[in-house]
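Enquirer: My questions all concern the structure below.
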Amino acid sequence: MRLSRDVAGPCLAPHGSVVAVGAFDGLHRGHQTLLAKVRERARALGCTPAVVSFEPLPRTFFSPEPVPRLSSVREKIKGFAAAGMEQALLLRFNRALTAMPAEDFVRRVLCDRLATREVWVGGDFRFGHKRGGDVPLLERMGRELGFAACTMPAVQLHGARVSASRVRALLAAGEFTGAEPLLGRPFVIDGKVEYGNQLGRTLGYPTANIHLQQRVSPVQGIFAVRVGLGEGECSWPGVASLGVRPTVNEVSQPLLEVHLFDFEGDLYGQRMAVEFVAKLRDEQKFDGLEPLKAQMHLDACRARELLGMNPRLSAP
Numbered sequence: 001m002r003l004s005r006d007v008a009g010p011c012l013a014p015h016g017s018v019v020a021v022g023a024f025d026g027l028h029r030g031h032q033t034l035l036a037k038v039r040e041r042a043r044a045l046g047c048t049p050a051v052v053s054f055e056p057l058p059r060t061f062f063s064p065e066p067v068p069r070l071s072s073v074r075e076k077i078k079g080f081a082a083a084g085m086e087q088a089l090l091l092r093f094n095r096a097l098t099a100m101p102a103e104d105f106v107r108r109v110l111c112d113r114l115a116t117r118e119v120w121v122g123g124d125f126r127f128g129h130k131r132g133g134d135v136p137l138l139e140r141m142g143r144e145l146g147f148a149a150c151t152m153p154a155v156q157l158h159g160a161r162v163s164a165s166r167v168r169a170l171l172a173a174g175e176f177t178g179a180e181p182l183l184g185r186p187f188v189i190d191g192k193v194e195y196g197n198q199l200g201r202t203l204g205y206p207t208a209n210i211h212l213q214q215r216v217s218p219v220q221g222i223f224a225v226r227v228g229l230g231e232g233e234c235s236w237p238g239v240a241s242l243g244v245r246p247t248v249n250e251v252s253q254p255l256l257e258v259h260l261f262d263f264e265g266d267l268y269g270q271r272m273a274v275e276f277v278a279k280l281r282d283e284q285k286f287d288g289l290e291p292l293k294a295q296m297h298l299d300a301c302r303a304r305e306l307l308g309m310n311p312r313l314s315a316p
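Under full-length UniProt numbering, the letters of the sequence shown match residues 1 to 316, in that order.
Here it is in structure tokens:
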């Protein structure tokens, strides 16, 4: 898959393309259905399957408050490639793009950059300056410029629409088994292991640390997890904390700390995927390190139990 970032530039699909447009946070089942349709139609028309998305996410750009997101930029790009997209136009969502009239977006992005023959969107899709563009505008301009505007019906599951907001609400409530069918996979946070202050090691629970930087996670607290190292499957059991470590007051940005059960080895610099299995409790502040250590032991026992392990082996 080829990745591009700019509105201006040469045509990315000289033989034409079928394009999906959207924010695609989390690449849930609804998004997967849309991308599968794009891949199918591109194959039928003999042209390029393509996707147009935006970073930062539009709702993040406009919100005065931090907005949780389901996937990192890296995870989203990998998802596009896995879905069979051959071109991904990941536009920089900035003031210049928000000022672009919807008609200009159609001509410059869909026609000039992607030579679109079909564009696929959700029925409530809005775009362009002050959200002035919608499906009827796409249909009208498509008749004028030679492409078809198509809408994908919402994917329903258990009587309700699959949406990123619904997934975020389930994850925030610790309902990982409820979120998994909507995502089409378990909820995972991926990142590179970085150096910490070694506090977990002194407490008997050495951790691998992943800094989320500016990403706001939809989950916070203490969790039973399974971990994948490198490109491996998430199979190694562990217990994780995601938050700001209120007892030691050492971080202002959320930190994901993972203790892998019965693991020996150096993880620094490696990529790690953390699959969230069950929430154990909310993050809380303790009166010193000894109460914190006692609670960590209880958390480890509970996590081992939930992961089908022997909880009595969790003593540090």
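Cβ atoms here follow ideal geometry from the backbone N, Cα and C, with glycine treated the same way.
All values reported here derive from a predicted model rather than from experimental measurement.
When you compare only the Cα positions, how much space is there between residue 14 and residue 157?
Expert: Near 38 angstroms, if we compare the C-alpha coordinates of residue 157 and residue 14.
Enquirer: Tell me the DSSP bridge mates of residue 77?
Expert: Answer is none; residue 77 lacks a bridge partner.
Enquirer: How would you call residue 47, buried or exposed, if buried means at least 16 neighbouring beta carbons within 10 angstroms?
Expert: Per the 10 Å Cβ criterion, buried.
Enquirer: In or out: residue 304 buried (at least 16 other Cβ within 10 Å) or exposed?
Expert: With 16 or more Cβ atoms within 10 Å of its Cβ, residue 304 is classed as buried.
Enquirer: Can you give me the start and stop residues for the beta strand (DSSP E) that residue 263 sits inside?
Expert: Run containing residue 263: none; DSSP gives neither H nor E here.
Enquirer: I believe residue 213 touches residue 243 by the beta-carbon criterion, under 8 angstroms. Please report the beta-carbon distance rounded to the nearest angstrom.
Expert: Incorrect: roughly 15 angstroms between the Cβ atoms, too far for contact.
Enquirer: Per DSSP, residue 209 is paired with what?
Expert: Beta-bridge pairing links residue 209 to 194 and 257.
Enquirer: How about the segment 37-56 and the segment 75-94: do they share at least three Cβ pairs that are nearer than 8 angstroms?
Expert: Short answer: they touch.
Enquirer: Kindly indicate which residue of 38, 211 and 82 has the alpha-carbon position closest to the one of residue 269.
Expert: Among 38, 211 and 82, the Cα nearest to that of residue 269 belongs to 211.
Enquirer: What beta strand (DSSP E) runs, 3 residues minimum, are completely inside the segment 15-93?
Expert: Runs found: 17-21, 48-55 and 87-92.
Enquirer: For residue 217, name the three-state secondary structure that DSSP assigns.
Expert: Of the three classes helix, strand and coil, the one that applies to residue 217 here is coil, per DSSP.
Enquirer: Quick one: residues in its chain with C-beta nearer than 8 angstroms to the C-beta of residue 180, no 5 flanking neighbours on either side, listed in chain order?
Expert: Closer than 8 angstroms at Cβ, skipping near neighbours: 186 and 187.
Enquirer: Is residue 283 near the ligand SAH, in the sense that its beta carbon is under 8 angstroms from a heavy atom of that ligand?
Expert: The ligand SAH is not part of this structure, which contains no ligands at all.
Enquirer: From what residue to what residue does the alpha helix (DSSP H) around residue 141 run?
Expert: Start and end: 135-145.
Enquirer: From the DSSP secondary-structure annotation, give me the bridge partner or partners of residue 3.
Expert: For residue 3, which the question treats as bridged, DSSP gives the partners 88.
Enquirer: At which residues does the beta strand (DSSP E) containing residue 165 begin and terminate?
Expert: First-last for residue 165: 164-172, but that is the alpha helix (DSSP H), not the beta strand (DSSP E).
Enquirer: Using 9 angstroms as the threshold, is the C-beta distance between residue 273 and residue 238 below it?
Expert: No, they are not a contact pair.
Enquirer: Rounded to whole angstroms, what is the Cα-Cα separation between residue 264 and residue 254?
Expert: Distance between the alpha carbons of residue 264 and residue 254 is about 26 angstroms.
Enquirer: Could you pull out every residue in the same chain whose Cβ sits closer than 7 angstroms to the Cβ of residue 195, ignoring the five residues on either side in sequence?
Expert: Closer than 7 angstroms at the Cβ level, and outside the excluded window around residue 195, lie 268.
Enquirer: With H, G and I counted as helix, E and B as strand and the rest as coil, what does DSSP make of residue 111?
Expert: Of the three classes helix, strand and coil, the one that applies to residue 111 here is helix, per DSSP.
Enquirer: With distance defined between alpha-carbon atoms, name the residue in 164, 113, 45 and 256 nearest to residue 184.
Expert: With distances taken between Cα atoms, residue 184 lies closest to 164.
Enquirer: May I ask you to list the residues that DSSP assigns as paired with residue 275?
Expert: Partner(s): 188 and 226.
Enquirer: Touch check for the segment 25-38 and the segment 63-76: three-plus C-beta pairs under 8 angstroms?
Expert: Flag = yes, the segment 25-38 and the segment 63-76 touch.
Enquirer: Following the continuous alpha helix (DSSP H) through residue 237, name the residue where it begins and the one where it ends.
Expert: That residue, residue 237, is in no alpha helix (DSSP H); its beta strand (DSSP E) goes 236-243.
Enquirer: For the beta strand (DSSP E) that residue 148 lies in, which residues bound it at each end?
Expert: Segment 148-152, the beta strand (DSSP E) holding residue 148.
Enquirer: Kindly indicate which three-state DSSP category residue 126 falls into: helix, strand or coil?
Expert: Coil at residue 126, not helix or strand.
Enquirer: Give the secondary structure of residue 182 by DSSP, where H, G and I count as helix, E and B as strand, and everything else as coil.
Expert: Of the three classes helix, strand and coil, the one that applies to residue 182 here is helix, per DSSP.
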